[in-house]
Amino acid sequence: MKIPQKRVHKFLRHGKKFPHVWCPGCSNGIVLGAIIRAVDELGYEKDDMAMVSGIGCSSRMPVYVDFNTLHTLHGRALAYATGVKMVKPEMNVCVVTGDGDSTAIGGNHLIHAARRNIDLTVIVINNNIYGMTGGQYSPTTPTGDFATTTPYGNIDPVFDICKLAEGAGATFVARTTAYHVVEAQSIIKQAFEHKGFSIVEIVSACPVIYGKLNKKGDAPAMMRDMKERAIPVKAFEKLTPEQVGNKYSRGILVNIKKPEYTAEYTKLMDSLQPQKGDK
Amino acid sequence: MSDKIEKHRDGMIIKDKNSTAKMEVEINEVKTEGDYKKCPVYIYHDWCKKCGICVEFCPTGALASKPDGSPYVKAPEKCIHCELCDRLCPDFAITGAKR
Ligand SMILES: Cc1ncc(C[n+]2csc(CCOP(=O)(O)OP(=O)(O)O)c2C)c(N)n1
Ligand code: SF4
Ligand code: SF4
Ligand code: SF4
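For the protein sequence lines, the chains are A and B, in the order given.
With my numbering, the residue at position 59 of the first sequence is 59, and numbering never jumps.
The number in my numbering is simply the position in the second sequence, starting from 1, with 279 added.
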């Protein structure tokens with residue numbers, strides 16, 4: 001009799017130590033599962049994929065998957081990924097990054113990669129804090145919330161990662177949560193298929209640091225919160241400002257076509273080749 | 280590391296017995312249809328971190344927590360193989376997939 005196998009095992013690096021390093025209930029593992037399922041569903045081989053990351057809890061993800069992987073410098077994943085994509089335009093390059101990694105130290109790389117519309121898929125695991133280094137506030141820590149560096153509450157306004165990416169020129173922008181895994185998988189799949197810069201913000205739970213500092217309860221409680229607050233984008237647009245409150249939209253926010261960078265580059269290179277009759 | 284585990288999980292190729300000592304997984308003995316009915320959900324306790332997510336979000340109440348927080352299949356007949364526990368488990372430690 002056949003025993004059900006988890007599809008994810010096909011893509012996990014079993015030489016690595018499991019259980020993985022993430023804390024109990026941390027959303028990073030859920031996102032990894034969704035990425036793997038999306039890859040499996042698209043029928044990609046392990047070698048068709050490159051996963052690139054910087055530094056952070058979320059950025060440890062490439063360690064565990066059997067794709068081509070690069071675990072690079074804090075904030076610089078997009079620079080490395082751009083290099084990979086330029087050399088191997090046929091490869092599906094996926095960047096996994098944290099909110100600090102992508103919007104604080106790596107903010108500049110993010111906006112310029114978006115501006116170029118280079119065909120990368122960026123998955124931002126937004127847990128509203130610097131998890132790995134013990135809980136410093138990040139550009140997405142909500143105003144008023146606590147972090148080790150904001151012991152009296154954060155006075156900074158927050159970055160909306162999706163709006164930032166859209167403004168910078170990203171051609172596929174989506175937001176979902178770790179609770180909405182089925183949606184996450186389908187959005188990640190569409191992001192992989194999109195030709196151009198695609199970014200998926202996944203609202204995630206860091207129950208051990210952010211959750212504890214802000215009394216958000218355990219992992220299931222933080223995920224119930226996502227369930228209540230994340231509203232499908234169509235319904236969200238109909239809400240009045242009072243109804244919006246602390247809710248946020250989920251779903252595909254932007255999906256447009258623009259010239260893609262590696263394609264433009266190839267075109268340019270082709271046009272510069274010596275033509276017949278050139279002296 | 281017993282061969283049983285290798286056989287049961289062809290997705291999990293265990294080569295180096297020493298380095299993967301930690302990867303040993305506890306698996307229910309399933310030989311017959313009856314066994315499967317008794318336990319349609321597999322929990323790999325060695326990977327489980329007792330976060331409680333699977334129990335919380337199982338839509339049918341097939342799962343429950345022991346006092347120490349580890350999940351178990353309380354009502355196997357209720358499982359509808361929605362795979363939600365499977366997808367939501369951050370540790371790849373449970374599968375509710377249909378066989
Ligand atoms: C150049 C550099 N500066 C600072 C650090 C320290 N550092 C490591 S991870 C991290 C923050 C990670 O936060 P985030 O990207 O939100 O990921 P999370 O851990 O929350 O998943 C920092 C500041 C570093 N490794 N390198
Ligand atoms: S510190 Fe937070 S983000 Fe990092 S592994 Fe733990 S729960 Fe996850
Ligand atoms: S597969 Fe669905 S019904 Fe069955 S235990 Fe998992 S969550 Fe519950
Ligand atoms: S979701 Fe996974 S890690 Fe959490 S209690 Fe259930 S089986 Fe264990």
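Don't be surprised by glycine CBs; every beta carbon is placed ideally from N, CA and C.
All figures in this text were calculated on a predicted structure; none of them were measured in a lab.
- Taken through DSSP and simplified to helix, strand or coil, Ile332/B comes out as helix.
- At a cut-off of 8 Å between C-beta atoms, Cys26/A counts as an interface residue with respect to chain B.
- Beta-bridge partners assigned by DSSP to Glu201/A: Val124/A, Arg175/A.
- Ranked by Cα distance from Tyr323/B, the options Lys317/B, Val352/B, Glu335/B are led by Val352/B.
- Pairing Thr150/A with Gly144/A, the inter-Cα distance amounts to about 9 Å.
- With a cut-off of 8 Å on Cβ pairs, the region 324-338 of chain B is in contact with the region 346-364 of chain B, counting three or more such pairs.
- Here the alpha carbon of Glu201/A sits roughly 52 Å from the alpha carbon of Gly277/A.
- According to the DSSP secondary-structure assignment, Gln136/A is paired through a beta bridge with Tyr130/A.
- With a cut-off of 7 Å, the C-beta of Gly100/A is classified as distant from ligand 2, since no heavy atom of the ligand falls inside that distance.
- When CB distances to chain A are screened at a threshold of 7 Å, the residues of the region 356-373 of chain B falling below it are Asp365, Arg366, Leu367, Pro369, Asp370, Phe371, in chain order.
- In the structure shown, the three-state DSSP call for Tyr323/B is coil.
- By DSSP's assignment, Cys94/A forms a beta bridge with Met51/A, Thr121/A.
- Chain order gives the chain A residues near Ile332/B as Gly25, Ala219, Pro220, Met223, where near means a beta carbon separation below 7 Å.
- Counted as a single uninterrupted DSSP element, the stretch harbouring Arg60/A is not any alpha helix (DSSP H), since DSSP gives it neither H nor E.
- When secondary structure is reduced to three states using DSSP, Leu70/A falls in the strand class.
- Its chain contains Val52, Val93, Val95, Leu120 as the residues whose beta carbon lies nearer than 7 Å to that of Ala81/A, once the 5 sequence neighbours on both sides are disregarded; these appear in chain order.
- In chain A, no part has a C-beta under 8 Å from the C-beta of Lys317/B; the shortest such distance is about 13 Å.
- Separation of Thr69/A and Pro62/A (C-alpha to C-alpha, rounded to the nearest whole angstrom) is 6 Å.
- Legend: CB atoms of the region 91-103 of chain A lying less than 8 Å from CB atoms of chain B are not found in any residue.
- Interface residue (Cβ-Cβ distance to chain A less than 8 Å): Lys329/B is classified as such.
- Fewer than three Cβ pairs drawn from the region 84-93 of chain A and the region 154-174 of chain A lie within less than 8 Å of each other, which leaves the two stretches out of contact.
- For Ala81/A, DSSP assigns no beta-bridge partner whatsoever.
- For Val352/B, the enclosing beta strand (DSSP E) has its first and last residue at 350-352.
- A residue is called buried once 16 or more other Cβ atoms fall within 10 Å of its Cβ, and Tyr152/A, having fewer, is exposed.
- Interface with chain B (8 Å Cβ-Cβ cutoff): Ile30/A is included.
- In this structure, ligand 3 has no non-hydrogen atom nearer than 7 Å to the beta-carbon of Ala343/B.
- Around the beta carbon of Asn108/A, fewer than 16 other beta carbons lie within 10 angstroms, which makes this residue exposed.
- At a threshold of 7 Å, Gly131/A counts as near ligand 2, since its beta carbon sits closer than that to one of the ligand's heavy atoms.
- The alpha carbon of Arg13/A has as its nearest neighbour, out of Met226/A, Leu73/A, Val65/A, the alpha carbon of Val65/A.
- Relative to the Cα of Thr171/A, the nearest Cα in the group Asn117/A, Cys26/A, Ala79/A belongs to Asn117/A.
- Secondary structure note for Ser27/A: it is in no beta strand (DSSP E), with a DSSP letter that is neither H nor E.
- Counted as a single uninterrupted DSSP element, the stretch harbouring Ile359/B is not any alpha helix (DSSP H), since DSSP gives it neither H nor E.
- Taking the Cα of Gly313/B as reference, the smallest distance to any Cα among Gly340/B, Phe336/B, Glu335/B, Glu356/B is reached at Glu356/B.
- Checking the 7 Å criterion, the Cβ of Val208/A is within range of a heavy atom belonging to ligand 2.
- By the 16-neighbour rule on beta-carbons within 10 angstroms, Asn127/A is buried.
- If you draw a straight line from the Cα of Glu264/A to the Cα of Val122/A, it is about 20 Å long.
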